[in-house]
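Report on the following structure.
Number of protein chains: 2
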Amino acid sequence: MTPPPAIVLLSGGLDSATTLAIARADGFAPLALSFRYGQRHACELDAARRVAAAAGVREHRIIDIDLRSLGGSALTSDLAVPKDRDLAADEIPITYVPARNTIFLALALALAEVRDAADIYIGVNAIDYSGYPDCRPEYLAAFERLGALATKAGVEGRPLHIHAPLLHLSKVEIVRRGLALGVDYSLTRSCYDPDAAGRACGHCDSCRLRRAAFAALGRTDPAPYQ
Amino acid sequence: MTPPPAIVLLSGGLDSATTLAIARADGFAPLALSFRYGQRHACELDAARRVAAAAGVREHRIIDIDLRSLGGSALTSDLAVPKDRDLAADEIPITYVPARNTIFLALALALAEVRDAADIYIGVNAIDYSGYPDCRPEYLAAFERLGALATKAGVEGRPLHIHAPLLHLSKVEIVRRGLALGVDYSLTRSCYDPDAAGRACGHCDSCRLRRAAFAALGRTDPAPYQ
Chain U
38 MTPPPAIVLL
48 SGGLDSATTL
58 AIARADGFAP
68 LALSFRYGQR
78 HACELDAARR
88 VAAAAGVREH
98 RIIDIDLRSL
108 GGSALTSDLA
118 VPKDRDLAAD
128 EIPITYVPAR
138 NTIFLALALA
148 LAEVRDAADI
158 YIGVNAIDYS
168 GYPDCRPEYL
178 AAFERLGALA
188 TKAGVEGRPL
198 HIHAPLLHLS
208 KVEIVRRGLA
218 LGVDYSLTRS
228 CYDPDAAGRA
238 CGHCDSCRLR
248 RAAFAALGRT
258 DPAPYQ
Chain B
38 MTPPPAIVLL
48 SGGLDSATTL
58 AIARADGFAP
68 LALSFRYGQR
78 HACELDAARR
88 VAAAAGVREH
98 RIIDIDLRSL
108 GGSALTSDLA
118 VPKDRDLAAD
128 EIPITYVPAR
138 NTIFLALALA
148 LAEVRDAADI
158 YIGVNAIDYS
168 GYPDCRPEYL
178 AAFERLGALA
188 TKAGVEGRPL
198 HIHAPLLHLS
208 KVEIVRRGLA
218 LGVDYSLTRS
228 CYDPDAAGRA
238 CGHCDSCRLR
248 RAAFAALGRT
258 DPAPYQ
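Encoded structure:
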């Protein structure tokens, strides 16, 4: 039996690389979808390409979308990325990109419809979500309902499934799961503020969560650091 | 009192030009948002610019997004636009762009968040929707719920309002309303298949609905036809 297709949102970071491996383990033929959206760090997309190739993904689509013209985020404008901030602070960080997951899921929904896929994978997680509102479980459930109403497939009675397999996992559990599935984390990039060579800063939220997870497993993060 | 901002999705067609006039009449300061998404007819964007200028809109943003790479629609690929088809046919037409309104509303949501706007206007209508699933009232209600969950504003308790003032209007009622508000329909373009000079074909679904509406009001559509 041919595995059914699933759209996997792939940023090139640790979470999405793990999500891709899980989609495959779940029995799907993953179709990777990435975005060139004015990231300050283009090395993310290089990482996404390497991760997709290593996973043997048959199709990897990269959609251009100019989110810089919206402004409002340190990840796509000239605002400074916060370093060594209190990760337990209950606030929405400046690195939040307005409505990003809604935009990305909308495009995944479009590709799902074109490719006749009923499944979308996204690597968000609620525990380490650092205050992004569009990573919450109730948000994903609302998008699933929207997707069923928005598309031809939905009109014809075929529901849409948004899979967020990392949703209730800690970063340590994510890395453990990925290592068990053979993910090569040296290919991934998570840093919000890498240098020109693509090496991670080690001090932004993303770097600190990631390094702490490897350390908790008695390992060293294989990604390059400055 | 300064009028509150509202994001208005502006395609340059008859419906969105009317919606813009209604947003202003409702007491909002409209911020127009258009998309360069691989339309075969770039004259749409020229029309959007003219309509925004004529309405005295202070800010008109055009976001680049390459939907052509998704395929799947006669409006963004090389499939033929259907002519003189049965408008009463209960089918989703080939001109349907997968998940288009979801993508456009997601971007409007992002801009609403950046501009601190709680209101989005979209010119969809249910009666003449020609079979597009993402023009239905229940779809818009689902997006409103999603928007409240997706954003900082929502987390802070400020709801999002999706206004679809044309939703229950016939094309005749839309044109009547727009004429009463002073919309200059000669600036708008609706055709799915215009010629190089931007003149309408007169035979696609959009042209036929539009011309019939003006005719029913005893008027001639002022847009240029081939």
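Sequences listed follow chains U and B, in order. Per the numbering used here, residue 38 is the first one in the first sequence, and the count goes up by one each step. Per the numbering used here, residue 38 is the first one in the second sequence, and the count goes up by one each step. Don't be surprised by glycine CBs; every beta carbon is placed ideally from N, CA and C. All of these numbers come straight from a predicted model, not from anything done at the bench.
In the three-state reduction of the DSSP assignment, U/Glu181 falls in the helix class, which pools H, G and I. Chain-order list of chain B residues neighbouring U/Ala136: Ala143, Leu146, Ala147, Glu150, Ala187, Thr188, by C-beta distance under 7 angstroms. Taking a cut-off of 8 angstroms on C-beta distances, the region 228 to 244 of chain B does not touch the region 184 to 200 of chain B, as fewer than three cross pairs fall below it.
For B/Phe180, a Cβ of chain U is located within less than 8 angstroms of the residue's own Cβ. Within the model, the alpha-carbon separation for U/Asn162 versus U/Ile102 is close to 24 angstroms.
Chain-ordered, the chain U residues with CB closer than 7 angstroms to the CB of B/Arg98 read Ser106.
Scanning U/Ser48, U/Pro40, U/Val45, U/Thr55 for the CA closest to the CA of U/Ser207 turns up U/Thr55.
Residue contact check for B/Tyr176 against chain U: a CB pair falls below 8 angstroms. As DSSP reads the structure, B/Phe72 sits in a beta bridge with B/Ile100. Rounded to whole angstroms, the gap between the alpha carbons of U/Gly191 and U/Leu146 is 11 angstroms. When C-beta atoms of the region 58 to 67 of chain B are compared with those of the region 212 to 223 of chain B, three or more pairs fall below 8 angstroms, so the two segments count as touching.
When the alpha-carbon of U/Val220 is set against those of U/Met38, U/Thr39, U/Gly49, the nearest one is in U/Gly49. Counting along the chain, the unbroken alpha helix (DSSP H) around B/Ile140 starts and ends at 137 to 151. Any Cβ of chain U closer than 8 angstroms to the Cβ of B/Arg61 would place that residue at the interface, and such an atom is absent. Residue-level contact check: B/Val192 touches chain U, since one or more beta carbons of chain U fall below 8 angstroms from its beta carbon.
Our two residues, U/Ser227 and B/Leu142, have alpha carbons roughly 28 angstroms apart in a direct line. Residue pairing by DSSP places B/Pro42 opposite B/Ala66 in a beta bridge. Taking a Cβ-Cβ threshold of 9 angstroms, none of the residues of chain U is close to B/Pro196; the smallest such distance is about 13 angstroms. Membership of B/Ile211 in any beta strand (DSSP E) is not indicated; the residue belongs instead to the alpha helix (DSSP H) covering 208 to 217.
U/Ala201 counts as buried, since at least 16 other C-beta atoms from the protein chains shown sit within 10 angstroms of its C-beta. Not flagged as an interface residue toward chain U: B/Arg248, since no C-beta distance is shorter than 8 angstroms. Interface annotation, U/Ile199: not in contact with chain B, CB-CB separation never under 8 angstroms.
Within the DSSP secondary-structure output, U/Ile157 pairs in a beta bridge with U/Ile44, U/Ile199.
The contact set of U/Arg173 on chain B, defined by CB atoms closer than 8 angstroms, consists of Leu186 in chain order. Secondary structure of U/Tyr262 (DSSP, three-state): strand.
With 16 or more other Cβ atoms inside 10 Å of its own Cβ, B/Leu82 counts as buried. Inclusion of U/Tyr222 and U/Pro259 in the CB contact set at 8 angstroms is warranted, their separation being smaller than that value.
Scanning B/Arg152, B/Thr139, B/Asn138 for the CA closest to the CA of U/Pro135 turns up B/Arg152. Proximity of chain U to B/Leu224 at the Cβ level (cut-off 7 angstroms) is not reached, the minimal Cβ distance being about 24 angstroms.
Looking at U/Tyr158, U/Pro231, U/Leu246, U/Ala253, the one whose alpha-carbon comes closest to that of U/Pro42 is U/Tyr158.
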